[in-house]
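One structure below.
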Amino acid sequence: MTPFPDLHFMRHALKLARNAAEAGEVPVGAVVVKQGVIIGEGANAPRESHDPTAHAEIIALRAAAAALGDERLTDCDLWVTLEPCAMCAGAISHARIRRLYYAADDAKGGAITHGPRLFGHTTIHHRPEVYGGLMAEEAAALLRAFFARRR
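If you're matching positions, the sequence shown starts at 126 in this note's numbering and goes up one per residue.
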C-alpha cells in the first residue's frame with residue numbers, strides 16, 4: 126500500500142499542468158507537500174521564462190526551499206504529473222525529497238523507470254520512495270491532446 130490517503134495533490138498538479146498547456150507550455154505540473162500542506166508548486170515554463178531548467182519540478186522545489194529557508198526538503202513529498210527527467214531527478218535527490226509520486230510514464234525523457242533510472246545507481250546521494258502511475262491516464266491524455274494540437 127502506498128502512503129497517501131487520496132489524490133488531492135495530484136489533482137492540484139494536474140490543474141497546474143492544464144494552466145501550463147493554456148500558456149503554450151508542455152503540460153506538466155508539480156507540488157511539494159510537507160505535513161499535508163502544499164509549500165511549493167510549479168508548472169512548466171521554459172518557453173515563457175527562456176530558461177531550459179524551468180521544469181515544473183524545479184520551480185516547485187525552488188519555491189518549497191524558499192518557503193522553508195532550507196535547500197533540504199527531507200520531510201517533503203513531490204507530486205508531479207509526468208515521470209521526471211534526469212535533471213529533475215538529480216534535483217529531487219539533492220533536495221532529499223522523501224517520496225516522489227508521479228502520474229504518466231515518460232518513455233523518451235523519463236529518468237526514474239525509463240532511461241538512466243537515476244535512483245537505481247549506487248552513487249546517487251539520496252533515493253526517495255517512488256510511486257508511479259497515479260492518475261496516469263488523465264495526465265497522459267492531457268499530454269496527447271497538447272501535442273496533437275501542435276501537429
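Heads up, the beta-carbon is just placed ideally off N, CA and C, and yes, glycines get one too.
Predicted model only: the values in this text are computed from it and were never measured.
* Asked: Can Ala168 and Val156 be called in contact, C-beta distance under 8 Å?
  -> Reading the sequence shown from its first residue, position 43 is the one you call residue 168. Reading the sequence shown from its first residue, position 31 is the one you call residue 156. Their beta carbons are not under 8 Å apart, which means Ala168 does not touch Val156 by this criterion.
* Nearest CA to the CA of Val255: which residue from Leu207, Pro177, Asn144? -> One-based indexing of the sequence shown puts residue 255 at position 130. The option with the nearest alpha carbon to Val255 is Leu207.
* Asked: With C-beta atoms as the reference, is Asp202 less than 8 Å away from Arg187?
  -> Taking the sequence shown and counting its residues from 1, one reaches residue 202 at position 77. Taking the sequence shown and counting its residues from 1, one reaches residue 187 at position 62. Not closer than 8 Å, so no.
* Alpha-carbon spacing of Glu262 relative to His251, whole angstroms -> For the purposes of this step, residue 262 is taken as the residue at position 137 of the sequence shown. For the purposes of this step, residue 251 is taken as the residue at position 126 of the sequence shown. Whole-angstrom Cα-Cα distance: 29 Å.
* Curious, which full-length beta strand (DSSP E) runs of at least 3 residues does the stretch 146-187 contain? -> 154-159, 162-168
* **Backbone secondary structure at Glu254 - three-state DSSP** => If you number the sequence shown from 1, residue 254 lands on position 129. Note: Glu254 maps to strand in three-state DSSP.
* 8 Å Cβ cutoff met for Cys210 and Gly234 -> Position 85 of the sequence shown, counted from the first residue, corresponds to residue 210. Position 109 of the sequence shown, counted from the first residue, corresponds to residue 234. Yes, these two residues count as a Cβ contact at 8 Å.
* Asked: Does any heavy atom of the ligand GTP sit closer than 7 Å to the C-beta of Val153?
  -> Ligands displayed in this structure: none; no statement on the ligand GTP is therefore possible.
* Through-space distance from Ala273 to Glu182, alpha-carbon basis -> The count along the sequence shown starts at 1 and reaches residue 182 at position 57. The count along the sequence shown starts at 1 and reaches residue 273 at position 148. Approximately 24 Å between the Cα atoms of the pair.
* Residues bridged to Leu203 [DSSP beta-bridge criterion] -> For the purposes of this step, residue 203 is taken as residue 78 along the sequence shown, with counting starting at 1. Looking at the DSSP assignment, Leu203 forms a beta bridge with Val157, Leu225.
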